[in-house]
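**Student:** For the sequence shown, the numbering used here assigns the number 25 to the initial residue and increments by one for each residue that follows.
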Amino acid sequence: MSRAGGLRKPIMMINDGSIGRGFAPPTLRGSPQYLARLEDIQPNGSRSYRFWQRGGGYDRNLSSTPEVHRKLRYIHENPVRRGLVQRTIDWRWSSALAWETGTDEPLSLDRTSFPPPTFLDEDLSSDLLR
Numbered sequence: 025m026s027r028a029g030g031l032r033k034p035i036m037m038i039n040d041g042s043i044g045r046g047f048a049p050p051t052l053r054g055s056p057q058y059l060a061r062l063e064d065i066q067p068n069g070s071r072s073y074r075f076w077q078r079g080g081g082y083d084r085n086l087s088s089t090p091e092v093h094r095k096l097r098y099i100h101e102n103p104v105r106r107g108l109v110q111r112t113i114d115w116r117w118s119s120a121l122a123w124e125t126g127t128d129e130p131l132s133l134d135r136t137s138f139p140p141p142t143f144l145d146e147d148l149s150s151d152l153l154r
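(1) Quick one: any contact between the segment 113-120 and the segment 97-104, if contact means 3 or more CB pairs under 8 Å?
(2) One question on the structure: do residue 108 and residue 123 come within less than 9 Å of each other, judged by their Cβ atoms?
(3) Return the first residue and the last residue of the beta strand (DSSP E) that residue 71 is part of.
(4) How long is the line joining the alpha carbons of residue 58 and residue 71, rounded to whole angstroms?
(5) Taking the straight line between their C-alpha atoms, what separation do you get for residue 22 and residue 90?
(6) Looking only at DSSP bridge pairs, what is residue 64 linked to?
(7) For residue 97 and residue 135, what's the separation of their Cα atoms in angstroms?
(8) Leaving out five residues before and five after residue 128 in sequence, what residues of the same chain have Cβ atoms less than 7 Å from its Cβ?
(9) Might you give, ordered along the chain, the residues of its own chain that have their beta carbon closer than 8 Å to the beta carbon of residue 84, omitting 5 neighbours on each side?
(10) Cutting at 7 Å between CB atoms, please list the residues of its own chain near residue 78, excluding the five before and the five after it.
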């Protein structure tokens with residue numbers, strides 16, 4: 025375990041992918057106080073640092089266009105459900121506005137890899153961005 029009081033290695037073990045590699049060095053150098061928010065005390069009392077929440081999460085393979093659109097709508101509606109905004113397009117970091125307007129603001133979208141709505145899920149596409 026090296027720099028920052030031995031915290032670099034546990035941070036890097038959070039994710040071997042690009043997120044872990046890109047996240048750890050700036051955090052350690054520029055915002056060591058942020059590490060306190062990543063601290064997770066284990067049931068046995070040992071300390072670790074997590075980027076993701078503890079637990080298995082909810083990962084699923086999406087196998088149909090309507091299912092993909094339902095999940096996107098669900099994600100877009102999260103800030104509305106939490107009472108952070110009135111409409112999905114009002115959340116600054118949401119792709120909802122970009123989907124509605126066809127622009128790449130505030131986030132750039134890869135529309136070619138996303139299945140377009142079909143007549144089978146027309147009801148979903150009409151309220152995808154509500």
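All C-beta atoms in this analysis are idealised placements derived from N, C-alpha and C, irrespective of residue type, glycine included.
**Tutor:** In this structure, then:
(1) yes
(2) On the sequence shown, residue 108 is found 84 positions in, with the first residue counted as 1. On the sequence shown, residue 123 is found 99 positions in, with the first residue counted as 1. Contact flag unset, no.
(3) Within the sequence shown, residue 71 is the residue found at index 47, counting from 1. Where residue 71 is concerned, the enclosing beta strand (DSSP E) stretches over 71-73.
(4) Here residue 58 is taken as the residue at index 34 of the sequence shown, counted from 1. Here residue 71 is taken as the residue at index 47 of the sequence shown, counted from 1. When rounded, the distance between both Cα atoms is 15 Å.
(5) This structure cannot settle anything about residue 22, because the visible part of the chain is limited to 25 through 154.
(6) Taking the first residue of the sequence shown as position 1, residue 64 is located at position 40. Answer is 72, bridged to residue 64.
(7) On the sequence shown, position 73 is the one that residue 97 refers to. On the sequence shown, position 111 is the one that residue 135 refers to. So the alpha carbons of these two residues sit roughly 15 Å apart.
(8) For the purposes of this step, residue 128 is taken as residue 104 along the sequence shown, with counting starting at 1. Contacts found: 122.
(9) As a first step, residue 84 is located in the sequence shown; it is residue number 60 there, counting from the start. For residue 84, where only same-chain residues beyond five positions count, there are no Cβ hits under 8 Å.
(10) Here residue 78 refers to the residue found at position 54 when the sequence shown is read from its first residue. Counting only Cβ-Cβ distances below 7 Å, and skipping sequence neighbours, we find 64.
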